[in-house]
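Residue numbers (the numbering used here): 88 to 535.
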């Protein structure tokens with residue numbers, strides 16, 4: 088019996104549809120195969136950006152040491168911790184957030200993430216602007232960091248730690264609208280400067296203080312304790328070495344800044360024919376990255392502008408690259424002054440703004456970012472430089488140097504330098520100059 092016309096019609100379209108469904112199911116189940124197919128339809132630029140975003144310097148975060156830390160603590164139901172908002176730049180805010188997260192883990196408490204105080208972009212030296220005369224509670228963590236990545240990573244590796252993006256999520260819990268004060272001094276932690284001397288007893292000290300302050304039998308449930316900003320406190324050398332390498336990577340710069348950094352690095356790669364492969368993180372033999380820290384908020388912590396410029400020009404005088412990337416929040420006028428001095432010795436200074444000249448959309452997005460958000464672009468590019476030079480008093484530079492120090496080969500032969508400045512840190516990939524009194528503390532406490 089011949090098939091009906093309607094059946095023939097259905098079969099005509101059902102066959103191709105089934106093939107499409109099968110292909111989609113196959114590629115979804117086999118992610119590498121799917122990615123390989125998709126790459127064939129992407130431009131070189133888009134592939135570069137994708138590889139940049141998918142491959143962190145030092146490889147993917149290994150959360151096993153974080154899981155081990157969280158599993159070793161005793162967690163108290165109904166106990167919450169919050170920390171006061173932090174002002175300052177990327178490095179300072181990252182440090183304060185990580186210290187707050189670690190404090191919550193040691194306490195075995197849920198955590199309300201700290202807010203971030205946004206500086207006055209018209210006067211960057213004013214890091215704590217007033218908000219119409221009233222209290223300024225700050226910006227959400229997304230202002231600088233990728234909250235979804237943090238939440239997802241902690242959910243996987245430290246599920247005991249419940250996160251709240253802000254107190255807004257607890258609007259209907261009256262017991263936690265007020266908070267009891269807590270500090271490391273309150274709990275009896277012994278400090279050497281700002282750094283905890285004995286981590287072995289810290290968890291017990293915190294719990295003992297909380298129970299003395301608020302009787303577990305009669306205190307509200309839930310209950311919140313509030314800490315001041317905690318900076319440069321936890322010694323990273325304590326415990327599992329893998330924790331020191333991975334804990335800081337819980338906080339990743341927000342994605343739009345990372346995309347801009349990828350675009351800028353691609354343009355640098357094309358302009359100077361660098362043969363960069365973002366899947367490798369960075370290649371030692373590529374471009375030098377320099378940090379100029381002379382903006383309005385840097386005085387008198389860092390050397391004056393002319394001194395830093397002289398040092399940087401001295402360093403690049405014998406550079407074989409012929410150019411250097413400069414991370415800075417300086418004005419265009421002062422960037423031109425540095426460039427002119429470098430040109431006198433045959434070296435071109437390149438800034439993130441230069442790498443967006445042929446990117447109308449990227450340039451507009453970069454200009455829309457605040458001063459501190461633009462520093463995230465510098466940070467991501469500096470991580471991928473061949474050799475970086477920074478300042479020993481800068482937590483921004485210690486983040487870069489110590490992150491790169493965890494990459495295999497960092498303990499190889501360091502480059503020889505023509506500089507009269509004291510060297511506080513030097514490995515094959517990074518150099519930190521100057522004689523800052525903060526250098527030893529930053530070296531001991533920064534989670535890169």
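Note that the Cβ used here is the ideal one computed from N, Cα and C, for glycine as well. Please read all numbers here as calculations on a predicted model, not as lab measurements.
My guess is that residue i and residue j are in contact by the Cβ rule of under 8 Å, so how many angstroms apart are they, rounded?
{"i": "residue 207", "j": "residue 216", "result": "4 Å"}
{"i": "residue 226", "j": "residue 202", "result": "6 Å"}
{"i": "residue 425", "j": "residue 413", "result": "7 Å"}
{"i": "residue 478", "j": "residue 521", "result": "5 Å"}
{"i": "residue 131", "j": "residue 166", "result": "At roughly 52 Å, the Cβ-Cβ gap does not stay under 8 Å, so residue 131 and residue 166 are not in contact."}
{"i": "residue 245", "j": "residue 154", "result": "7 Å"}
{"i": "residue 285", "j": "residue 277", "result": "6 Å"}
{"i": "residue 237", "j": "residue 361", "result": "Incorrect: roughly 32 Å between the Cβ atoms, too far for contact."}
Which residues bound the alpha helix (DSSP H) around residue i?
{"i": "residue 397", "result": "392-403"}
{"i": "residue 375", "result": "Where residue 375 is concerned, there is no enclosing alpha helix (DSSP H), although the beta strand (DSSP E) it sits in stretches over 375-378."}
{"i": "residue 469", "result": "458-470"}
{"i": "residue 526", "result": "526-532"}
{"i": "residue 158", "result": "151-158"}
{"i": "residue 332", "result": "328-333"}
{"i": "residue 428", "result": "419-430"}
{"i": "residue 134", "result": "131-141"}
{"i": "residue 537", "result": "The requested residue 537 is not part of the displayed model; the chain covers only 88 to 535."}
{"i": "residue 451", "result": "447-455"}
Of the residues the options, which one's Cα is nearest the Cα of residue i?
{"i": "residue 240", "options": "168, 147, 300 and 298", "result": "147"}
{"i": "residue 309", "options": "155, 199 and 284", "result": "199"}
{"i": "residue 474", "options": "134, 443 and 491", "result": "491"}
{"i": "residue 177", "options": "348, 246 and 466", "result": "466"}
{"i": "residue 340", "options": "182, 194, 460 and 209", "result": "460"}
{"i": "residue 352", "options": "464, 377 and 372", "result": "464"}
{"i": "residue 515", "options": "509, 508, 533 and 493", "result": "493"}
{"i": "residue 529", "options": "246, 280 and 193", "result": "280"}
{"i": "residue 394", "options": "366, 380, 323 and 286", "result": "380"}
{"i": "residue 476", "options": "233, 321, 397 and 519", "result": "519"}
{"i": "residue 384", "options": "534, 481, 336 and 232", "result": "481"}
{"i": "residue 139", "options": "360, 524, 444 and 343", "result": "343"}
{"i": "residue 507", "options": "400, 455, 499 and 442", "result": "400"}
{"i": "residue 320", "options": "290, 271 and 292", "result": "271"}
{"i": "residue 249", "options": "169, 282 and 323", "result": "169"}
{"i": "residue 502", "options": "406, 420 and 454", "result": "406"}
{"i": "residue 182", "options": "154, 257, 335 and 404", "result": "335"}
{"i": "residue 499", "options": "415, 371, 431 and 388", "result": "371"}
{"i": "residue 373", "options": "275, 141 and 468", "result": "468"}
{"i": "residue 542", "options": "358, 376, 349 and 419", "result": "Only positions 88 to 535 of the chain appear in the structure, and residue 542 is not among them; the question remains open."}
{"i": "residue 358", "options": "306, 302, 444 and 337", "result": "444"}
{"i": "residue 392", "options": "362, 423 and 472", "result": "423"}
{"i": "residue 438", "options": "388, 411, 525 and 448", "result": "411"}
{"i": "residue 375", "options": "390, 436 and 389", "result": "436"}
{"i": "residue 389", "options": "450, 484, 449 and 313", "result": "484"}
{"i": "residue 527", "options": "224, 266 and 512", "result": "512"}
{"i": "residue 368", "options": "145, 301 and 137", "result": "145"}
{"i": "residue 214", "options": "431, 504 and 457", "result": "457"}
Can you name the residues that DSSP bridges to residue i?
{"i": "residue 520", "result": "478 and 510"}
{"i": "residue 352", "result": "Looking at the DSSP assignment, residue 352 forms no beta bridge with any residue, so it has no partner."}
{"i": "residue 310", "result": "166"}
{"i": "residue 287", "result": "Partner(s): none; residue 287 has no beta bridge."}
{"i": "residue 197", "result": "167"}
{"i": "residue 338", "result": "Answer is none; residue 338 lacks a bridge partner."}
{"i": "residue 278", "result": "283"}
{"i": "residue 251", "result": "199"}
{"i": "residue 264", "result": "DSSP lists no partner for residue 264."}
{"i": "residue 173", "result": "203"}
So, are the CB atoms of residue i and residue j less than 7 Å apart?
{"i": "residue 242", "j": "residue 204", "result": "no"}
{"i": "residue 211", "j": "residue 382", "result": "yes"}
{"i": "residue 317", "j": "residue 486", "result": "no"}
{"i": "residue 354", "j": "residue 470", "result": "no"}
{"i": "residue 292", "j": "residue 157", "result": "no"}
{"i": "residue 428", "j": "residue 396", "result": "yes"}
{"i": "residue 152", "j": "residue 287", "result": "no"}
{"i": "residue 273", "j": "residue 296", "result": "yes"}
{"i": "residue 333", "j": "residue 149", "result": "yes"}
{"i": "residue 289", "j": "residue 193", "result": "yes"}
{"i": "residue 262", "j": "residue 307", "result": "yes"}
{"i": "residue 531", "j": "residue 387", "result": "no"}
{"i": "residue 347", "j": "residue 356", "result": "no"}
{"i": "residue 180", "j": "residue 231", "result": "yes"}
For the ligand PLP, is there a heavy atom less than 6 Å away from the beta-carbon of residue i?
{"i": "residue 343", "result": "Looking for the ligand PLP in the displayed structure turns up nothing, as the structure carries no ligands at all."}
What residue does the beta strand (DSSP E) around residue i start on, and which one ends it?
{"i": "residue 267", "result": "267-269"}
{"i": "residue 413", "result": "410-414"}
{"i": "residue 435", "result": "435-437"}
Are the C-beta of residue i and some C-beta of chain C separated by less than 7 Å?
{"i": "residue 208", "result": "Looking for chain C here will not work: only one protein chain is present."}
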